[in-house]
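**Student:**
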Amino acid sequence: MGHGTIVEELLKYNTNVNHQIKEGADVNLANTRGQTPVFIASLKGHLEIVELLLQSNCNINQLDDIGGSPFYFSCQNNFINICNLLLRQTTKPDINIKPYNFGHTPLIVSSFKGDLQLVNLLLQHNCDVNLQDKGMRSALHYAVFKNHKHIVRILLEYNINVNLLDSQQKSALLYACERGHTDIVQLLLDDKCDSNTALKCEMNQGTKSGTQPLWVACFKGFTEIVKLLLQQSCEVNKVDEKGGNSFYIACQNNHIDICNLLIEHHVELDINISLNDLGYTPLIIASFKGNIDVVELLLKNKCNINQCDKENRSALFCAVRGNQIEIVKLLLNHDADFNLCDINQRNVLHVAAMYGFTDILKLLLTYISDIDAYDSHRQTALHFAVKKGQEDTVKELLQRKCNPNLCNDELQSPLHTASYCGYVNLVKILLEYNCNAYIRDEFKRTALHRAVEKENKEVVQIFLQSNHDVNVSDYYRGSALHIAILENDEDVVVLLLQCSSCNINLQNEELKTPLFIACEHGKHNLVKLLLEKTNTPDIPNSSGQTPLFIACYKGYSEIVQMLVDAGSSTSLKDKQGRSPLHVACQYNHVKTVQKLLSLEDKPDVNTQSKSGQTPLMTAIQYGHNDIIYALLQSECDMNIKDSQQRTAFYYARHCHKIFLFDLLSIDM
Numbered sequence: 001m002g003h004g005t006i007v008e009e010l011l012k013y014n015t016n017v018n019h020q021i022k023e024g025a026d027v028n029l030a031n032t033r034g035q036t037p038v039f040i041a042s043l044k045g046h047l048e049i050v051e052l053l054l055q056s057n058c059n060i061n062q063l064d065d066i067g068g069s070p071f072y073f074s075c076q077n078n079f080i081n082i083c084n085l086l087l088r089q090t091t092k093p094d095i096n097i098k099p100y101n102f103g104h105t106p107l108i109v110s111s112f113k114g115d116l117q118l119v120n121l122l123l124q125h126n127c128d129v130n131l132q133d134k135g136m137r138s139a140l141h142y143a144v145f146k147n148h149k150h151i152v153r154i155l156l157e158y159n160i161n162v163n164l165l166d167s168q169q170k171s172a173l174l175y176a177c178e179r180g181h182t183d184i185v186q187l188l189l190d191d192k193c194d195s196n197t198a199l200k201c202e203m204n205q206g207t208k209s210g211t212q213p214l215w216v217a218c219f220k221g222f223t224e225i226v227k228l229l230l231q232q233s234c235e236v237n238k239v240d241e242k243g244g245n246s247f248y249i250a251c252q253n254n255h256i257d258i259c260n261l262l263i264e265h266h267v268e269l270d271i272n273i274s275l276n277d278l279g280y281t282p283l284i285i286a287s288f289k290g291n292i293d294v295v296e297l298l299l300k301n302k303c304n305i306n307q308c309d310k311e312n313r314s315a316l317f318c319a320v321r322g323n324q325i326e327i328v329k330l331l332l333n334h335d336a337d338f339n340l341c342d343i344n345q346r347n348v349l350h351v352a353a354m355y356g357f358t359d360i361l362k363l364l365l366t367y368i369s370d371i372d373a374y375d376s377h378r379q380t381a382l383h384f385a386v387k388k389g390q391e392d393t394v395k396e397l398l399q400r401k402c403n404p405n406l407c408n409d410e411l412q413s414p415l416h417t418a419s420y421c422g423y424v425n426l427v428k429i430l431l432e433y434n435c436n437a438y439i440r441d442e443f444k445r446t447a448l449h450r451a452v453e454k455e456n457k458e459v460v461q462i463f464l465q466s467n468h469d470v471n472v473s474d475y476y477r478g479s480a481l482h483i484a485i486l487e488n489d490e491d492v493v494v495l496l497l498q499c500s501s502c503n504i505n506l507q508n509e510e511l512k513t514p515l516f517i518a519c520e521h522g523k524h525n526l527v528k529l530l531l532e533k534t535n536t537p538d539i540p541n542s543s544g545q546t547p548l549f550i551a552c553y554k555g556y557s558e559i560v561q562m563l564v565d566a567g568s569s570t571s572l573k574d575k576q577g578r579s580p581l582h583v584a585c586q587y588n589h590v591k592t593v594q595k596l597l598s599l600e601d602k603p604d605v606n607t608q609s610k611s612g613q614t615p616l617m618t619a620i621q622y623g624h625n626d627i628i629y630a631l632l633q634s635e636c637d638m639n640i641k642d643s644q645q646r647t648a649f650y651y652a653r654h655c656h657k658i659f660l661f662d663l664l665s666i667d668m
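According to my numbering, the sequence shown holds residues 1 to 668 in order.
Here's what the structure looks like:
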């Protein structure tokens, strides 16, 4: 423990400091924090001890480890008597000291705390009123921030620079406007200061983003502050970084009194100003947000009612989008152009339909005659209403005789969309209004195809109950059953198979039947369902491959058994002359090969492809040992020659399968 710490302890217990000094104690000895006895006494408010230490010529400007002095901390803790005492010394304390941490001077600290007596003392001793801390804030900034108007008043009397900016580019006036401190705003704008020395408050000074006093007062809705600024002829058309002025922000936030003030005080006010990025005008934003008083004011002052934003949306368009029916009425009564379209050629009717604003839609239809107008993707109002599932709006449009069979640029009708989205009630409604269920989209798919594609069972049931032709094929000649198999939707497959007119053997453009596709994708449950409905399991695809062939190719042993049990032939070959056993051997499906070889009516193990290859030659060529063993045990003929007169021995030797050559030799 250092001597400074001992002094601190002694002070705590009212030790006779005078006696310690007489005994020769070092009055400038500091503790581990750099604090001397006079520092500690000042910090704790021990006036008499400070006086004793000063009589011993202690150093009052010695700093602690954060750069603070006895004077600084006596100011911070409001020990005014100690402050006075230190200031009366021959060696004056540094009245403008700034500790290392935040850089707050004694004046800044006392201004923040609202200590008028201490502020007066510091000013009388000529402290620097314009010093700023590490955040570039002055004493005036803090006094304004804390609404200490009595401090602000005295600082102004000492000609402080009212236009100093902090690190955020904010002036004292901007802070006052931001926080609604009306009295302080008035003080800052007051011209009673000595005009020869005082700086006039800069009213239009703002941040880098363009936030300036009038803008922020309009944003916050501080009407009295706006009045004060306008009386000083501040610039009302100054814009922020987005291109909006004070009037725009007042309109946006529905501060109608301020909007009126700005219009009354400035004949050159730009009431049609638009933002840089989106192009919103005061009328557009007020219409969207439902600020009807502002809209009325703008219309009264002859704003451009049809001015559009960057996406070519007018105030009427945005009022509809915001579901502001009273403003829609107001704009229509002022002859707003209801035929204007946005950049996607969408009109106000499209917007009302899209969001299900049925009351607005009814109102618009009293003005708009073309109910079937379409956008750049050929979507009508009905398309939009159906896409968003707006039942009431769909009914209204259909009752108004819209055409339910118009198609978009993908040739999809509203019924396509409703079916795809699974909107059961909308599908029923559209069919009630004679919507054509056989319209085909760009892929030749009907609404039924789209319902099956998204596994919408209830919608599929509706079509089946209305005797829809389930065998209609798409661009790829695929039926609804083909699609259901691909989607692995067992429920829909069952529904379709229950339909007596369903052609289970219909082939697509690759001549694949639904059974073939189910086998190809390993859908065991679907294969079982299909086999219960067909007696022709061997219909080949365009390559001559049967469902059994593809099951062996994929190695689906269970499906192989199901197909064989249903009468599938193991001897049918594809266009290359390959049997199911050939491909099972080629792709090393051991279990499938074993399954085929274990059948009562097992396949011919010596069957040859068009190139003359036997299953054994194929297995040797690809080096599938387990399959070779299985074939050898099935008494295959190793001396058969292919079309180039090569035997199994040749394949073993040519493929460098020496161990296979030995195996074949031993087996012989």
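Even for Gly, the Cβ is constructed at its ideal location relative to N, Cα and C.
Please state whether DSSP places N403 in a helix, a strand or coil.
**Tutor:** coil
**Student:** Would K575 and G544 be called neighbours here (beta carbons separated by less than 8 angstroms)?
**Tutor:** yes
**Student:** Should G447 and V460 be called a contact, given that it needs their Cβ atoms to be closer than 8 angstroms?
**Tutor:** With the sequence shown as reference, residue 447 is identified as Ala, and Gly is not the correct amino acid for it. In this structure, V460 does not lie closer than 8 angstroms to A447 by Cβ.
**Student:** Does E453 pass the burial test, meaning 16 or more other C-beta atoms within 10 Å, or should it be called exposed?
**Tutor:** That one is buried.
**Student:** Where T534 and I368 are concerned, what is the direct C-alpha to C-alpha distance, given to the nearest angstrom?
**Tutor:** 57 angstroms
**Student:** With a CB to CB cut of under 6 angstroms and the five nearest residues on each side skipped, what residues in its chain are close to Y673?
**Tutor:** Because the chain in this structure spans residues 1 to 668, residue 673 falls outside the shown range and cannot be described.
**Student:** Roughly how many angstroms lie between the CA atoms of D292 and S274, to the nearest whole one?
**Tutor:** What sits at residue 292 in the sequence shown is Ile, not Asp. Put simply, the backbone Cα of I292 is about 19 angstroms away from that of S274.
**Student:** Do you know how far the Cα of K387 is from the Cα of I559?
**Tutor:** 41 angstroms
**Student:** Taking all protein chains shown into account, decide if G478 is buried (16 or more other Cβ within 10 angstroms of its Cβ) or exposed.
**Tutor:** buried
**Student:** Check whether the Cβ atoms of L228 and V185 lie closer than 8 angstroms to each other.
**Tutor:** yes
**Student:** Kindly give me the distance between the Cβ atoms of C519 and P547, rounded to whole angstroms, as I take these residues to be in contact under 8 angstroms.
**Tutor:** 4 angstroms
**Student:** With a threshold of 16 other CB atoms inside 10 Å of the CB of M1, please say whether the residue is buried or exposed.
**Tutor:** Bear in mind that a pLDDT of 37 at M1, under 50, signals an unreliable position, so the number given afterwards is only what the model happens to contain. So M1 ends up on the exposed side.
**Student:** Expressed to the nearest angstrom, what Euclidean distance is found between the alpha-carbon atoms of L10 and N57?
**Tutor:** Residue placement at L10 cannot be trusted, given a pLDDT of 47 that sits under 50; what the coordinates show is reported in the next sentence. Cα atoms of L10 and N57: separation of roughly 20 angstroms, rounded to the nearest angstrom.
**Student:** Would you call the segment 626-635 and the segment 592-609 touching, i.e. three or more CB-CB distances under 8 angstroms?
**Tutor:** yes
**Student:** By alpha-carbon positions, which one of N625, I620 and I285 ends up nearest to F649?
**Tutor:** I620
**Student:** By the three-class DSSP mapping on this structure, what secondary structure does N333 have?
**Tutor:** helix
**Student:** Rounded to whole angstroms, how far is the Cβ of L398 from the Cβ of I371, which I believe are closer than 8 angstroms?
**Tutor:** Rounded, the Cβ-Cβ distance is 10 angstroms, inconsistent with contact.
**Student:** Are the Cβ atoms of A105 and I97 separated by less than 8 angstroms?
**Tutor:** The sequence as given places Thr at residue 105; Ala does not occur at that position. Going by C-beta atoms, T105 is nearer than 8 angstroms to I97.
**Student:** So what's N81 in DSSP terms, helix, strand or just coil?
**Tutor:** helix
**Student:** So, is G206 buried or exposed, given that buried needs 16 or more other C-beta atoms within 10 angstroms?
**Tutor:** Buried.
**Student:** If you drop the 5 nearest sequence neighbours on each side, which residues of the same chain put their C-beta closer than 8 angstroms to that of V239?
**Tutor:** G210, N245 and I273
**Student:** If you scan the segment 26-94 from start to end, which runs of the beta strand (DSSP E) of 3 or more residues do you find wholly inside it?
**Tutor:** none
**Student:** With distance defined between alpha-carbon atoms, name the residue in I271, L156, C435 and L54 nearest to L187.
**Tutor:** When each option's Cα is compared against that of L187, the closest is L156.
**Student:** Quick one: grab the DSSP three-state call for N625.
**Tutor:** Helix at N625.
**Student:** When the Cα atoms are used, what is the spatial distance from I40 to G103?
**Tutor:** 21 angstroms
**Student:** In the structure shown, what three-state DSSP assignment does N163 receive?
**Tutor:** Correct three-state label for N163: coil.
**Student:** Indicate the three-state DSSP secondary structure (helix, strand or coil) for V239 in the structure shown.
**Tutor:** strand
**Student:** Pull the bridge partners of N245 from the DSSP assignment, please.
**Tutor:** V239
**Student:** Tell me the start and end of each unbroken alpha helix (DSSP H) in the segment 489-516 that is at least 4 residues and wholly inside, in chain order.
**Tutor:** Counting only runs of 4 or more, we get 490-498.
**Student:** What's the call for Y651, buried or exposed, on a 16-neighbour Cβ count within 10 Å?
**Tutor:** buried
**Student:** So, using beta-carbon positions, are G34 and I82 closer together than 8 angstroms?
**Tutor:** Cβ distance not < 8 angstroms, so G34 and I82 don't count as in contact.
**Student:** Applying the criterion that 16 or more other CB atoms from any shown protein chain within 10 Å of the CB defines a buried residue, is Y423 buried or exposed?
**Tutor:** Buried, because 16 or more other Cβ atoms sit within 10 Å of the Cβ of Y423.
**Student:** In angstroms, rounded to a whole number, what distance separates the CA positions of C251 and A418?
**Tutor:** 41 angstroms
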